[in-house]
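Enquirer: Structure in structure tokens, see below.
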Amino acid sequence: MSLVKNIRKACKKSARERLRFPEDEARLKWLPLLLEAYSIIDAGVQHAINEVEKEKTQKRKLACGKGCGNCCSTHTDIPLYPLELAGIYWFCTEKMGPPVREALKERLRLNLKAARENQKSCVFLEIQNGGGSCSIHPIRPVSCRQFNVFGKRCGPGEDPFFTRRGDVLTPIRQYTDRAFLVMLPFYGIKDEAQKAKAVKDGLIHTQVMNLPSHDWAGLLKVMEEFDSR
Ligand code: SF4
Ligand code: SF4
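Residues in the sequence shown are numbered from 610 upward in steps of one, following my numbering.
Quick look at the structure:
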């Protein structure tokens with residue numbers, strides 16, 4: 610089977626098996642788009658990892674795993690798109706329970722107070738027992754999903770993109786394009802020809818924000834309003 614056919618099949622399979630929140634998805638029309646896009650990204654990441662790991666001459670294994678979060682403290686550029694932002698607001702406000710919720714609200718308060726006083730870690734990173742975990746893991750952005758490293762785990766402050774680019778996973782473009790295509794109706798692009806052109810022209814990338822420098826005051830406000838109902 611050709612690579613294109615394989616990718617198409619993997620995308621369909623991942624869309625069938627994706628995370629589901631039926632009540633929320635019926636209310637929030639954009640949510641299925643985001644969940645489907647993320648399932649495609651995850652399928653693409655797995656495909657790319659398998660390709661690297663099956664390369665016998667190199668014997669490279671994925672280093673990323675549970676409790677490993679140095680990358681979430683090191684990266685200062687984490688692309689974030691408007692639909693992803695909507696997903697984060699929804700998840701944090703409506704799905705996140707205690708004690709993770711209280712801890713996030715506290716970090717958001719500190720983050721605002723410190724006014725980026727060289728605040729290095731991502732505000733969504735939970736640091737526990739010397740390890741780190743993402744408090745929005747099911748809804749984390751595409752860029753976080755796609756950042757994977759082989760060989761050894763990243764050291765504190767290390768950005769392997771600069772120290773050992775060869776160990777950083779290169780995502781398979783077709784999956785990324787397909788995921789962004791799925792998200793396009795959120796941006797008002799519904800016509801198939803327009804969608805294909807928008808992906809080709811990289812239109813969605815004109816909407817990009819940066820997660821670490823984003824002003825999260827609005828999220829804290831929305832979470833507090835939800836809690837006081
Ligand atoms: S990118 Fe580096 S720090 Fe992040 S999970 Fe993978 S090995 Fe760990
Ligand atoms: S959103 Fe999650 S995975 Fe991404 S940088 Fe923040 S803590 Fe890490």
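From the three backbone atoms N, C-alpha and C, an ideal C-beta is built for every residue, glycine too.
#1: Beta-carbon distances below 5 angstroms to any heavy atom of ligand 1 define the shell here; list its residues in chain order, please.
#2: Going by beta carbon distance, what residues of the same chain come within less than 7 angstroms of R749, once the five residues before and after it are set aside?
#3: Just to check, is the beta-carbon of C731 closer than 6 angstroms to a non-hydrogen atom of ligand 2?
#4: For a test of your reading of the model: does the CB of C743 fall under 6 angstroms from any non-hydrogen atom of ligand 2? Yes or no.
#5: For ligand 2, is there any heavy atom lying closer than 6 angstroms to the beta carbon of L689?
#6: From this set, P769, E703, P765 and V751, which residue's C-alpha is nearest F759's C-alpha?
#7: According to DSSP, what are the bridge partners of P688?
#8: Who are L671's beta bridge partners in DSSP?
#9: Just to confirm the assignment, what range does the beta strand (DSSP E) spanning E735 have?
#10: Looking only at its own chain, which residues have a Cβ that is under 8 angstroms from the Cβ of R754, when we skip the five neighbours before and after it?
#11: W639 and F795 - do their beta-carbons sit closer together than 7 angstroms?
#12: Report back the beta-carbon spacing between C677 and G741 to the nearest angstrom; my notes put them in contact at under 8 angstroms.
#13: Is the beta carbon of R716 within less than 6 angstroms of some heavy atom of ligand 2?
Expert: The relevant details are as follows:
#1: A672, C673, C677, N679, C680, V758, R762 and C763
#2: Counting from 1 along the sequence shown, the entry for residue 749 is found at position 140. Hits under 7 angstroms: C743.
#3: Taking the sequence shown and counting its residues from 1, the one referred to as residue 731 is at position 122. Under cutoff, so the answer is yes.
#4: Sequence index remark: in the sequence shown, residue 743 carries index 134 (1-based). Checking every heavy atom of ligand 2 against the Cβ of C743, one is found closer than 6 angstroms.
#5: Here residue 689 refers to the residue found at position 80 of the sequence shown. No, ligand 2 has no heavy atom inside 6 angstroms of this Cβ.
#6: For the purposes of this step, residue 759 is identified with residue 150 of the sequence shown, where counting begins at 1. Nearest option by C-alpha distance: P769.
#7: The residue labelled residue 688 in the question sits at position 79 within the sequence shown. Answer is N819, bridged to P688.
#8: Taking the first residue of the sequence shown as 1, we reach residue 671 at position 62. Answer is F759, bridged to L671.
#9: What you label residue 735 is simply residue 126 of the sequence shown in a count that begins at 1. Note, E735: beta strand (DSSP E), L734 to Q737.
#10: The sequence position of residue 754 within the sequence shown is 145, counting from 1. Around R754: Y647, I650, D651 and V654.
#11: Position 186 of the sequence shown, counted from the start, is the residue given in the question as residue 795. Position 30 of the sequence shown, counted from the start, is the residue given in the question as residue 639. Cβ distance < 7 angstroms, so F795 and W639 count as in contact.
#12: Translated into the one-based positions of the sequence shown, residue 677 becomes position 68. Translated into the one-based positions of the sequence shown, residue 741 becomes position 132. Rounded, the Cβ-Cβ distance is 7 angstroms, consistent with contact.
#13: Mapped onto the sequence shown, residue 716 falls at position 107. No - ligand 2 has no heavy atom lying nearer than 6 angstroms to the Cβ of R716.
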